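*Asks:*
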Amino acid sequence: MESWAALADRQLITRVLNGQPEAYGELVRRYQAAVYNAAYRLVGNQQDALDLAQEAFVRAYSALGSFDTARPFGPWINRVAVNIALNWLQRRRVPTVPLARGQASAPEANTEWQLADDSAEPERVYLASEQQAQLRMAILALPPHYRAVVELRHFQDRSYEEIAEALGISLSDVKSHLFRARRLLRERLEGRP
Amino acid sequence: MNHLTIETLNLFLDQALDTPTRAAAESHLATCEVCQAELDALRDLFATLAALPPAPLPADLAAPVLQRIASTPAPIQRQARPAAHPYAIAALAAQVVLAGLLLAWPGSALVGVATTTLAALPQPALPDPSAMLSWLDGWLSSFVAIVSRLAPAEDALRASPLAGLSPAQWAIVLVVVGLVWLLGNRWIIAGSSEPHNTKQEAA
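Sequences listed follow chains A and B, in order.
Heads up: the first sequence at position 1 corresponds to 14 in my numbering, and the numbers run straight through without jumps.
Heads up: the second sequence at position 34 corresponds to 74 in my numbering, and the numbers run straight through without jumps.
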């Protein structure tokens, strides 16, 4: 049995296109954490994020025939996930989650926060976890398109032009969404109304 | 003092300012505590976002994805469309030019009409009518000589098996033949695999 782990992404894609779909499993294993996290940061729910990540991989599989193997697979599948999550949010017309203390049980924020560092002192761990929780809630409080530009810029390190292309919006819209999103995040994290 | 705009501060941290603008912003930041404080706050936000750790993956996705794609048609690699061959472009251009010439072909039967018509055109009042007449006569003679030299080509065309076709019909035949040739060589309808396909997102 061939060791898929020893193959590069491009080689795995070639195997898939040559009739070995099981090679796609290795691609999934390599990028599932990143894809899941992209969806999770956008939708704030573990099960929804898993479903959307799975959908991203399935749709990407169908589009592999037209994928340019000269480009890296990782950024592409992450962008697919962002678009799928964004479309899902827009179809559901999910309202932004109002950020306020005690809102952790809101439906869209049904999350399980993980401890940042098990070996740290309890108070430091709590503070780190609390800050992460506040940040996640602040991101979920943004309108879907703002969340998407923040995700692509700050978590996928995409340029303005790449974000515009990925989301199908103008460059000026990218800047407008991004700058406004940052202002809203700052206001929420600083406790300003 | 005019402060830097929020947009400028964002572009500054995103490394998206051109060199002169960035230099001006740096110069301003060196002397403006308000703008420096605003920049520091924005930078802190960037750091906070960057420090957010990824959430652990709750479940493996490989098995369910493989199960779903088992019932999905296998992806087919699209053939890259070959770039238009220069000879094909030149051949098509030659066909278009030839078709145009044939459409505009006066024909030997029309040379006489053209000559007579030109000669019958009212001559404008000129300071030296005799010089103009001499020039016009010379031009007409040259025109007739050129057309006469091309007459054998026309005769050859008319002697071909498709002698019944008019020049306009010849032009149409040439264009159709050219299109059939291009289609047959897939230079028009072949699939493409562009290096940067903006439609690659599956969603």
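Using N, Cα and C, we set each Cβ at its ideal position, and we do this for glycine too.
What you are looking at is a predicted structure, and each value in this text was computed from that prediction instead of being measured.
Alpha carbon to alpha carbon, how far is B:Val-105 from A:Ala-62? Give it in angstroms, no decimals.
*Replies:* 14 Å
*Asks:* Is A:Gly-181 helix, strand or coil by DSSP?
*Replies:* coil
*Asks:* With A:Trp-89 as the anchor, note down where its alpha helix (DSSP H) starts and where it stops.
*Replies:* 86-105
*Asks:* Using beta carbons (cut-off 8 Å, strictly below), is A:His-167 in contact with chain B?
*Replies:* yes
*Asks:* Is it a yes or a no for the segment 70-82 of chain A touching the segment 140-158 of chain A, going by three-plus beta-carbon pairs under 8 Å?
*Replies:* no
*Asks:* Who are the neighbours of A:Phe-70 on chain B, taking C-beta pairs under 7 Å?
*Replies:* What A:Phe-70 touches in chain B: Leu-101, Val-105.
*Asks:* Going by other Cβ atoms of all chains shown within 10 Å of its Cβ, with 16 needed for buried, is B:His-43 buried or exposed?
*Replies:* exposed
*Asks:* If I measure Cβ to Cβ from A:Gln-169 and keep anything under 8 Å in the same chain, skipping five residues before and after, which residues do I get?
*Replies:* Ala-51, Pro-88, Asn-91, Arg-92, Val-95
*Asks:* Tell me the residue span of the alpha helix (DSSP H) that contains B:Phe-52.
*Replies:* 46-53
*Asks:* Within 8 Å of any Cβ in chain A, is that where the Cβ of B:Arg-83 sits?
*Replies:* no
*Asks:* When you compare only the Cα positions, how much space is there between A:Gln-116 and B:Ala-95?
*Replies:* Because the pLDDT of A:Gln-116 is 37, which lies under 50, any placement of that residue in the model is unreliable, and the question is left without a value.
*Asks:* Leaving aside the five residues before and after B:Leu-219 along the sequence, list all residues of the same chain whose C-beta is less than 7 Å from its C-beta, in chain order.
*Replies:* none
*Asks:* What did DSSP end up calling A:Glu-35 once you bin it into helix, strand or coil?
*Replies:* coil
*Asks:* Any heavy atom of the ligand FAD closer than 7 Å to the Cβ of B:Ala-103?
*Replies:* The ligand FAD is not among the ligands present in this structure, which contains no ligands whatsoever.
*Asks:* Any beta carbon from chain A within less than 8 Å of B:Ala-65's own beta carbon?
*Replies:* no
*Asks:* Helix, strand or coil for A:Asn-50? Go by DSSP, reduced to three states.
*Replies:* helix
*Asks:* Does A:Arg-149 pass the burial test, meaning 16 or more other C-beta atoms within 10 Å, or should it be called exposed?
*Replies:* buried
*Asks:* Residues of chain B with CB closer than 9 Å to the CB of A:Phe-86, please, in chain order.
*Replies:* Ordered by position in chain B, no residue passes the 9 Å Cβ test against A:Phe-86, which lies about 11 Å from the chain.
*Asks:* Sort A:Leu-153, A:Tyr-53, A:Trp-101 by Cα distance to A:Leu-197 and report the nearest one.
*Replies:* A:Leu-153
*Asks:* Within the 8 Å Cβ cut-off, does A:Arg-114 reach chain B?
*Replies:* At A:Arg-114 the pLDDT is 36, less than 50, meaning the model places this residue with poor confidence; the figure from the coordinates comes in the next sentence. Contact of A:Arg-114 with chain B is not assigned, every C-beta pair being separated by 8 Å or more.
*Asks:* Tell me which same chain residues have a C-beta within less than 6 Å of the C-beta of A:Ala-98, skipping the five on either side of it?
*Replies:* Ala-52, Leu-55, Val-56, Leu-65
*Asks:* What did DSSP end up calling B:Leu-71 once you bin it into helix, strand or coil?
*Replies:* What sits at residue 71 of chain B in the sequence shown is Thr, not Leu. For B:Thr-71, the three-state secondary structure derived from DSSP is coil.
*Asks:* Between B:Asn-50 and chain A, is there a C-beta pair that is closer than 8 Å?
*Replies:* yes
*Asks:* For a cutoff of 8 Å on Cβ pairs, would you count B:Arg-189 as touching chain A?
*Replies:* So no, B:Arg-189 is outside the interface.
*Asks:* When you compare the CB of A:Arg-42 with every CB in chain B, is at least one pair closer than 8 Å?
*Replies:* yes
*Asks:* Checking contacts by CB at 8 Å: is B:Arg-62 closer than that to chain A?
*Replies:* Chain A contact via Cβ: absent.
*Asks:* Please name the residue, chosen from B:Ala-99, B:Arg-189, B:Leu-49, B:Val-213, that lies closest to B:Ser-67 on a Cα-to-Cα basis.
*Replies:* Ranking B:Ala-99, B:Arg-189, B:Leu-49, B:Val-213 by CA distance to the CA of B:Ser-67 puts B:Leu-49 first.
*Asks:* I'd like to know if A:Val-29 contacts chain B, where contact means its C-beta is closer than 8 Å to some C-beta of that chain.
*Replies:* Closer than 8 Å to some Cβ of chain B, the Cβ of A:Val-29 qualifies, so yes.
*Asks:* Out of curiosity, what's the CA-to-CA distance linking A:Ala-119 and B:Leu-85?
*Replies:* Because A:Ala-119 carries a pLDDT of 40, less than 50, the predicted location of this residue cannot be relied on, and no value is offered for it.
*Asks:* I want to see whether chain B comes within less than 8 Å of A:Pro-34, judged by CB atoms only; does it?
*Replies:* yes
*Asks:* Helix, strand or coil: how does DSSP classify B:Met-41 here?
*Replies:* coil
*Asks:* Hey, would you say A:Thr-82 sits closer than 8 Å to A:Arg-23, going by beta carbons?
*Replies:* yes
*Asks:* By the criterion of Cβ-Cβ separation under 9 Å, what are the contact partners of B:Leu-57 in chain A?
*Replies:* Simply none; closest approach about 12 Å.
*Asks:* Does B:Thr-88 get closer than 8 Å to chain A when you measure Cβ to Cβ?
*Replies:* yes
*Asks:* Please name the residue, chosen from B:Ala-91, B:Leu-53, B:Leu-57, B:Pro-98, that lies closest to B:Gln-76 on a Cα-to-Cα basis.
*Replies:* Of the candidates B:Ala-91, B:Leu-53, B:Leu-57, B:Pro-98, the one whose C-alpha sits nearest the C-alpha of B:Gln-76 is B:Leu-53.
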